[in-house]
Amino acid sequence: MDRRTMLSRVFKPSPYSPGASKFTNALLRTQDNKEVRFYDDLIKGKQCVINMMYAECHGACPLVTTVLKRTYRELKDRMGKDVFFYSISVKPQDDTPAALKHYAKMRNADLPGWYFLTGDSYDIETIRYRLFNMGHPGIDLDFAMHSGTLRIINDATNYWGHAGAFASQGNIMDRIRWADPYKTGAEWAVYARNLQTLIDKDVKKYGYRRDV
Amino acid sequence: MKLTAIISLLAVILLGTTANALAQEKSCSFDLVGTWKAQLSPTEAILYRFDSKGSVTVLAAPEKNEPRQISTAKYEVNKELGKPDSISFTASGKNRIFGAVSKTMKLVSYDDTSITCDIPGIGTTRWTRVDPDRYFIVLAARRGEFYDTSGSAFPMVIKLAGGIPTIDAFGVYLTKDGKAFGTVPPDIYKKYLREARNDSETTLRLEINSRQYERALKIIKEWERRARNDELLYITGKEVADTDPNSLNNILIVKAVTETLNQCSQDVNLYPLNYVVKDDWITNKVTPPFVPFYYFQELRRRNEARHIPDQKFQELVHLPNLASR
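Protein sequence lines, in the order shown, are assigned to chains A and B. Numbering (the working numbering) for the first sequence: -13 to 198. Numbering (the working numbering) for the second sequence: 5 to 329.
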């Protein structure tokens, strides 16, 4: 799904969604230098995975981007349609859209449905606290503490969750699935049947359930 | 098992490195705009007036006479690796600056109030910032005002220009309806400018420089914007459990305002409000609403020699009823 379609498609938020009052509706820029409103364009009614990073980071950020790339591959059919990734720069004063584009291209992460975002440092600070705060200034003041966390949100069901970026791939996928839209009984039956097939495959191959 | 241990160890090392790499650094910004004085002898000085449009006016300032313009020039701050490295001057018309039409001086060091530079043919010289106005910071906190026995706690920054004070204050304060968080109204902050009278009060009054004032004021204005636009960093919600989010916001603002004083030099003897057990007993022993009180008390203890006493403060900052409460 291209950006135009993404922005024009109607995503319905949960009636219980805190909306822009919690998420903020800050004006951000994507790696393609397109203006987007944080809540209205990126969060409202959507399922997304959000992480904090910056282009010149040589520690956790490239590793988290690699983890997200792996996750992206698993979610390929849904990416840009009902699941989106947002990597937000914590150093917006240094990270221009061009710098983020370069970062994304260098890591083969400039993919549909995955947005690298920059903006005003005041707004980014607000977003960082609103999404990642632990209620503890000692932790929250150091943005490094948030770089290893993935925030998982589904605004359509008002689901808030998180995953450790360095958790197993299975764990990350489980947590993203927990944010999926509600399933009917029949859909759950299909899901359970498919999962059992994968488990059986693992058991046959390794003797135990490995990474389903 | 062994592999798991190795992977865990690597993860710990990696995350530790990352934390350092990501550590937020606040460097001293270089601002040349304003008037700088080079003291040539006890009775003779040169003033350099830099404007924001790239022009500098050089004035001779003998001790007993009015300053007299010597020359004008264009200036440009040259950067290397993003940091100011030198300043280039080109004299206008028939003027000369440092005895030449153009000259580049190397910046040796700088802070809020001084620049040390190396001028070819002249040598190393030190300029000090000249400011006709005076600036103060007041850190005031109380205990026993609210239901949880905590109390008001907020920083105030004061600019004294032509004898008229301009005061900005932001934090947790007491109103007749109870606890409030935001811009402190004048009728409230006036009561907190006076000296502390017992153990449940603490006040620290320090004179600061213009750059420290500007940085502290910027933080206060940013928080005023946050409060006005409903963009506070901590808001009521599950993340902050049973802690009043404004107590946490107040910790952020008092920490930012006080730490910005030392952004360019170790001017104030600060207490490390960093939540590290070995450095910081306050955040490890007291709950968030009390942190600013004990922090200000600790700062008062560490900076007692610089604290401005009541009488002197009243002479400087004329506020009616300041000490009459």
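Positions of the beta carbon are idealized from the N, C-alpha and C atoms, including for glycine. Every value quoted in this text rests on a predicted model; they were computed, and no experiment measured them.
Given a threshold of 16 other Cβ atoms within 10 Å of its Cβ, counted over all protein chains shown, does residue i qualify as buried or as exposed?
{"i": "M92(A)", "result": "exposed"}
{"i": "L184(A)", "result": "exposed"}
{"i": "L49(A)", "result": "buried"}
{"i": "P136(B)", "result": "exposed"}
{"i": "E205(B)", "result": "buried"}
{"i": "E302(B)", "result": "buried"}
{"i": "R229(B)", "result": "exposed"}
{"i": "L221(B)", "result": "buried"}
{"i": "N37(A)", "result": "buried"}
{"i": "R203(B)", "result": "For clarity, residue 203(B) is Asp in the given sequence; the question names Arg instead. The residue in question, D203(B), is exposed, as its Cβ has fewer than 16 Cβ neighbours within 10 Å."}
{"i": "S133(A)", "result": "buried"}
{"i": "N82(B)", "result": "exposed"}
{"i": "S3(A)", "result": "buried"}
{"i": "G167(B)", "result": "exposed"}
{"i": "A130(A)", "result": "buried"}
{"i": "S154(A)", "result": "exposed"}
{"i": "E243(B)", "result": "Caution is warranted here: a pLDDT of 47 is assigned to E243(B), below 50, making its placement in the model unreliable, and no coordinate value can be reported."}
{"i": "Q216(B)", "result": "buried"}
Just the Cα atoms here: how many angstroms apart are residue i and residue j?
{"i": "A309(B)", "j": "A65(B)", "result": "33 Å"}
{"i": "Q28(B)", "j": "Y79(B)", "result": "A caution first: Q28(B) carries a pLDDT of 46, below 50, which makes its placement in the model unreliable, though a value can still be read off. One C-alpha to the other measures close to 32 Å."}
{"i": "Y194(A)", "j": "A175(A)", "result": "23 Å"}
{"i": "F185(B)", "j": "F158(B)", "result": "9 Å"}
{"i": "V280(B)", "j": "L208(B)", "result": "24 Å"}
{"i": "I141(B)", "j": "G121(A)", "result": "28 Å"}
{"i": "V60(B)", "j": "Y139(B)", "result": "25 Å"}
{"i": "L320(B)", "j": "T143(A)", "result": "60 Å"}
{"i": "T108(B)", "j": "W285(B)", "result": "49 Å"}
{"i": "T129(B)", "j": "T117(B)", "result": "14 Å"}
{"i": "D186(A)", "j": "H44(A)", "result": "40 Å"}
{"i": "K110(B)", "j": "E42(A)", "result": "29 Å"}
{"i": "Q100(A)", "j": "A46(A)", "result": "Residue 100(A) is actually Trp in this sequence, not Gln. C-alpha separation (whole angstroms): 18 Å."}
{"i": "M65(A)", "j": "G38(B)", "result": "54 Å"}
{"i": "F24(A)", "j": "T16(A)", "result": "11 Å"}
{"i": "F54(B)", "j": "Q43(B)", "result": "17 Å"}
{"i": "A6(A)", "j": "D26(A)", "result": "8 Å"}
{"i": "P88(B)", "j": "R72(B)", "result": "29 Å"}
{"i": "I126(B)", "j": "A90(A)", "result": "51 Å"}
{"i": "G171(A)", "j": "Y58(A)", "result": "27 Å"}
{"i": "R219(B)", "j": "Y177(A)", "result": "56 Å"}
{"i": "D81(A)", "j": "Y40(A)", "result": "7 Å"}
{"i": "V189(A)", "j": "R196(A)", "result": "8 Å"}
{"i": "V112(B)", "j": "L210(B)", "result": "29 Å"}
{"i": "A25(B)", "j": "D126(A)", "result": "Bear in mind that the predicted position of A25(B) carries a pLDDT of just 40, short of 50, making it too unreliable to give a figure here."}
{"i": "I162(A)", "j": "G147(A)", "result": "8 Å"}
{"i": "S106(B)", "j": "D271(B)", "result": "35 Å"}
{"i": "G105(A)", "j": "R114(A)", "result": "12 Å"}
{"i": "H322(B)", "j": "K163(B)", "result": "12 Å"}
{"i": "T120(B)", "j": "F118(A)", "result": "43 Å"}
Between the beta-carbon of residue i and the beta-carbon of residue j, is there less than 9 Å?
{"i": "L97(A)", "j": "L86(A)", "result": "no"}
{"i": "Q33(A)", "j": "F70(A)", "result": "yes"}
{"i": "V366(B)", "j": "V161(B)", "result": "For residue 366(B) there is no data in the structure shown, the boundaries of chain B being 5 and 329."}
{"i": "V53(A)", "j": "A151(A)", "result": "yes"}
{"i": "F150(B)", "j": "K183(B)", "result": "yes"}
{"i": "P83(A)", "j": "S107(A)", "result": "no"}
{"i": "P123(A)", "j": "I255(B)", "result": "yes"}
{"i": "V62(B)", "j": "A49(B)", "result": "no"}
{"i": "I212(B)", "j": "L265(B)", "result": "yes"}
{"i": "E21(A)", "j": "L13(A)", "result": "yes"}
{"i": "E263(B)", "j": "L274(B)", "result": "yes"}
{"i": "D166(A)", "j": "S0(A)", "result": "no"}
{"i": "I257(B)", "j": "F174(B)", "result": "yes"}
Thinking C-alpha only, which one of the options is nearest residue i?
{"i": "D160(A)", "options": "A149(A), F129(A) and Y168(A)", "result": "A149(A)"}
{"i": "A145(B)", "options": "A104(B), L63(B) and G155(B)", "result": "G155(B)"}
{"i": "L61(A)", "options": "K191(A), T170(A) and G156(A)", "result": "G156(A)"}
{"i": "D109(A)", "options": "E319(B), K225(B) and L236(B)", "result": "L236(B)"}
{"i": "V295(B)", "options": "L36(B), T247(B) and Q43(B)", "result": "T247(B)"}
{"i": "S45(B)", "options": "V134(B), E67(B), T187(B) and C32(B)", "result": "E67(B)"}
{"i": "T179(B)", "options": "I171(B), T170(B) and P190(B)", "result": "P190(B)"}
{"i": "W131(B)", "options": "L51(B), T47(B) and F297(B)", "result": "L51(B)"}
{"i": "W164(A)", "options": "I74(A), E173(A) and I139(A)", "result": "I139(A)"}
Quick one, which residues of the stretch 110 to 123 of chain A are near chain B if we go by CB-CB under 8 Å, in chain order? E111, T112, Y115, R116, N119, M120, G121, H122 and P123
With 7 Å as the C-beta to C-beta threshold (strictly closer), list the residues of the stretch 285 to 308 of chain B near chain A in chain order. T287
Proximal residues, the stretch 245 to 260 of chain B versus chain A, C-beta separation under 7 Å: A245, T247, L252, I255 and L256
Can you give me, in chain order, the residues of the stretch -5 to 9 of chain A that have a beta carbon less than 9 Å from any beta carbon in chain B? P4, S7 and K8
What are the residues of the stretch 56 to 73 of chain B that lie near chain A, defined by any Cβ-Cβ distance shorter than 8 Å? none
What are the residues of the stretch 88 to 113 of chain A that lie near chain B, defined by any Cβ-Cβ distance shorter than 9 Å? Y108, D109, E111 and T112
Short-range partners of chain D found in the stretch 221 to 234 of chain B, where Cβ spacing is below 8 Å: Annotation note: the requested chain D is absent from the structure, which comprises protein chains A and B.
Below 8 Å between beta carbons is the criterion; list the residues of the stretch 108 to 124 of chain B that meet it against any residue of chain A, in chain order. none
Quick one, which residues of the stretch 166 to 187 of chain B are near chain A if we go by CB-CB under 7 Å, in chain order? none
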